[in-house]
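Once you know that position 74 of the sequence shown is 73 in numbering that gives the first Met the number 0, the rest is easy, because the numbers rise by one and skip nothing.
Comments concern the structure below.
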Amino acid sequence: MKKKPNESCNELKSNEVMNLKDLMAQENLHLDKLSSLVKAAIDEEQLLSSRLIELEHDSETTLGQRCADKVATFGGSWTFIIVFFSILLIWIIMNVWFLKDNIFDPYPFILLNLVLSCLAAIQAPIIMMSQNRQEEKDRRRAKSDYMINMKAEMEVRGLHGKIDLLIAEQMKSLFSVQQAQLDILTRIEKSLKK
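Dropping the structure here:
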């Protein structure tokens, strides 16, 4: 018994619709997978960000540490050099010319040397304390930079994997669509020959 052309067309249409629905379901599953991967990546980023913020926060500094930082900042400035050089010149000029009769520190300036030695002896460890704190900050910053670089490398690798997965899934979908189209064309060709 021969099928009517309308019945065969209706069968073709229903088969096409079924195939297309299957393809759409596969695409929806693929999109769901990608969306879950993106959500997981966002959650990981938030965890890393909170860890980095914790690393960056300085613990409360003590009065001594704040003083050491200020002394080191002032001791390494042009203001300190100019003020220090001015005091030296005033000291020398006062002892050589103005206080000729009542010199409190005669020419080799032994008292000035003592004051300079005491200043250097006090200033050096204070500056060292400040530098040690700065080194600790630099270590923490380097650690956070390392973590960021590692995270970036992992993200790049993950993106490569996701792109490869996406391309593979798209190729499967394209091949499925192409196969469905070939099947439709074959059926049409057979129905036209009858």
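Backbone N, C-alpha and C fix where the C-beta goes; we use that ideal spot for every residue, glycine too.
In this text, all values refer to a predicted model and were calculated from it rather than measured experimentally.
- One alpha carbon belongs to GLU152, the other to ILE166, and they sit about 21 Å apart.
- Residue state for PRO124 is assigned as helix, using DSSP reduced to three classes.
- Only exposed fits ASN112, as fewer than 16 other CB atoms lie within 10 angstroms of its CB.
- With a beta-carbon spacing of about 13 Å, VAL82 and GLN122 fall beyond the 8 Å limit used to define contacts.
- Contact between SER175 and LEU28 fails: their C-beta atoms lie close to 13 Å from each other, not under 8 Å.
- Between the region 125 to 134 and the region 70 to 79 there are three or more C-beta pairs closer than 8 Å, enough to call the two in contact.
- Where VAL95 is concerned, there is no enclosing alpha helix (DSSP H), because DSSP gives it neither an H nor an E.
- LYS99 sits in coil when the DSSP states are folded into three classes, being neither helix nor strand.
- Inter-residue distance for PHE103 and PHE79 is about 25 Å (C-alpha atoms, whole angstroms).
- For the pair ASP100 and LEU87, the Cα-to-Cα distance works out to about 20 Å.
- Taking all protein chains in view, the Cβ of ALA120 is surrounded by fewer than 16 other Cβ atoms within 10 Å, so the residue is classified as exposed.
- Look at GLY75 here: in three-state DSSP terms it is coil, with no helix or strand label.
- Here GLU152 carries a helix assignment [DSSP, helix/strand/coil].
- The alpha-carbon separation between ARG138 and ILE147 amounts to approximately 14 Å.
- Assignment of TYR106 by DSSP, reduced to helix, strand and coil, places it in the coil class.
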